[in-house]
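Quick note: to get my numbering, add 114 to the position in the sequence shown (first position is 1). Built from N, CA and C at the ideal position, the CB exists for glycine as well.
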Amino acid sequence: MEALFKIAGIFSLQGQRYTPVDADTLVAYREAEDGQILQEGICETGALASFLAAGTTYSIHGLPMIPFYFFYSIFGFQRVGDMIWACGDMLCRGFLIGGTAGRTTLNGEGIQHQDGHSQVIANTYPNLKSYDAAFAYELVVIVRDGIRRMYQQQGNIFYYLTAYNENDSMPDMRESKAVAEGIIRGGYCYYSSETLESSQIHLLGSGSIMLQVLAARNQLEALD
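This is the structure we're talking about:
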């Protein structure tokens, strides 16, 4: 998110009161009275309260806002699940982004800090749309469609997206309407083997496990 600091600014009532050490860089730290980023620290209740307030301005103040709340996915539903339910009750709109999901990071702190189940909990919220994307272009499609549904079609829904921080190259999206529609539905054909045309093997995957799915594909295609 540091790439957004200089462009959008971090909200501060008093603005920037000192010169940051990276002031001359392309992604300098910047606080501003009109900053668009709220830096809430590890106060999940306060951060979600800000998300709820921004996500309901369309009905309270007639001013549509599109809030994005970024947090460790393990500290979302397990800590403020009731407040997320309140977001649904109040017809809040916006995007909850659960980072470092999939139990791929924070290993030294034990399984208490490793999320592998927040998507299961998210599916119990009736007007919360949840997605476990594997690639950057999938997130683009989901966010674009979410904005259309919430703010153009006035849908009473909000979104939960899990994201990861593993180092991996991001493929380009195939120019296909079926791919975009499949992403929104929750599944699409990412790859069809030309060497195993007669096989009946279907590999399914999303999110962090997608890397292992592609590794399994390579092993299967290498079989004689």
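Restricting attention to 319, 127, 309, the CA atom closest to the CA of residue 334 is found in 309. Under the three-state reduction of DSSP, residue 280 is assigned to coil, being neither helix nor strand. Around the C-beta of residue 288, fewer than 16 other C-beta atoms lie within 10 Å, and the residue is accordingly described as exposed.
Check the Cα spacing between residue 292 and each of 150, 207, 252: the tightest is with 252.
With at least 16 other beta carbons inside 10 angstroms of its own, residue 255 counts as buried. The DSSP assignment places 242-245 as complete runs of the beta strand (DSSP E) inside the stretch 230-274, in order along the chain (cut-off: 3 residues). For the 8 Å CB-CB criterion, residue 149 and residue 122 form a contact. Straight across, the Cα-Cα distance linking residue 188 with residue 234 is about 12 Å. Residue nearest to residue 206 within the set 216, 182, 225, 337 is 182 (criterion: CA-CA distance).
In the three-state reduction of the DSSP assignment, residue 315 falls in the coil class. The beta-carbon separation of residue 280 and residue 238, rounded to 27 Å, does not stay under the 8 Å limit for a contact. In the DSSP annotation of this structure, the continuous segment of the beta strand (DSSP E) that includes residue 186 starts and ends at 182-186. With 16 or more other Cβ atoms from the protein chains shown falling within 10 Å of its own Cβ, residue 144 counts as buried.
Sequence-distant partners of residue 270 (beyond 5 residues in either direction) whose C-beta falls short of 7 Å from its own C-beta, in its chain, are 205, 241. Annotated as proximal: residue 277 and residue 213, with beta-carbon spacing under 8 Å. Within its own chain, the residues whose Cβ lies closer than 8 Å to the Cβ of residue 165, once the five positions on either side in sequence are excluded, are 181, 183, 201, 206, 208, 210, listed in chain order. Residue 320 is positioned such that its CB atom lies no closer than 8 Å to that of residue 229. Assignment of beta-bridge partners to residue 125 by DSSP yields 146. Following the DSSP letters along the chain, one finds residue 210 inside the beta strand (DSSP E) bounded by residues 209-213. Residue state for residue 174 is assigned as helix, using DSSP reduced to three classes. Distance check between residue 131 and each of 146, 120, 316, 158 places 146 closest, using alpha-carbon atoms only.
Nearest to residue 268 by C-alpha distance, out of 300, 170, 185, 282, is 170. No Cβ-Cβ contact shorter than 8 Å links residue 162 with residue 124. In this structure, residue 119 places its C-beta atom within 8 Å of the C-beta atom of residue 142.
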